[in-house]
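Peer 1:
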Amino acid sequence: SAGPFLLSLWASSSPCEPVSSPNPDPAESIPTMLDSFQSREVRAGRPVELPCIASGYPNPAVRWIKDGRPLPADSRWTKRITGLSISELRVEDSGTYICEVTNTFGSAEVTGTLTVIGESPRGGQDEGPREYSEQCWGM
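Here my numbering = 1-based position in the sequence shown + 229.
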């Protein structure tokens, strides 16, 4: 997606006088994703950071969603300015993650899949064979 832009319209009576823009401050902009992930494979017990970096003014608020629900409270999950950090991964952390960024001018989101390989350190059982996606960075 393209970055912020300002469109000037010119009055037909005089090509030298711009018509006023509906956005008076060109610094104000909808959120734009700068860094994200599409899919990650990580072994159980290891940490991972799911990148989600966005620009926009005013600064966008970030909300994380896992498998269609807001992230529950978990001391292993830390929301950072650079993304979501998860320590000591468990098989049950596998799923679809959405990073949603919003400000007063709009919103953007990116969806990625996290696949945790192996058994959880706490002795949890893997549900059986899984399909694994290749790792992709960026958009």
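Even glycine gets a Cβ: it sits at the ideal position worked out from N, Cα and C.
Grouping DSSP H, G and I as helix and E and B as strand, with all else coil, what is E321?
Peer 2: E321: helix per DSSP, three-state reduction.
Peer 1: Output yes or no for whether 7 Å exceeds the beta carbon distance between C281 and G324.
Peer 2: It is not a contact, given that the beta carbons lie outside the stated cut-off.
Peer 1: Taking the C-alpha atoms as reference points, what is the distance between E246 and F334?
Peer 2: Model confidence at E246 stands at a pLDDT of 41, short of 50, so the residue's coordinates are unreliable and nothing is read from them.
Peer 1: Quick check on this structure: which residue in S314, S265, P289, E278 has the alpha carbon closest to the alpha carbon of E257?
Peer 2: Here the closest residue by C-alpha is P289.
Peer 1: Alpha carbon to alpha carbon, how far is T307 from G285? Give it in angstroms, no decimals.
Peer 2: Each residue's Cα considered, the two are about 22 Å apart.
Peer 1: Assuming M262 and V345 are in contact, meaning their beta carbons sit under 8 Å apart, how far apart are those beta carbons, in whole angstroms?
Peer 2: Wrong, their Cβ atoms sit about 24 Å apart, outside the cutoff.
Peer 1: Could you have a look at L302 and say whether DSSP puts it in helix, strand or coil?
Peer 2: For the sequence presented, residue 302 should be read as Ala rather than Leu. Correct three-state label for A302: coil.
Peer 1: Compute the beta-carbon to beta-carbon distance between L300 and D322, rounded to the nearest angstrom, for a pair I have assumed lies under 8 Å.
Peer 2: Not quite, the Cβ-Cβ distance comes to about 11 Å (not below 8 Å), so this is no contact.
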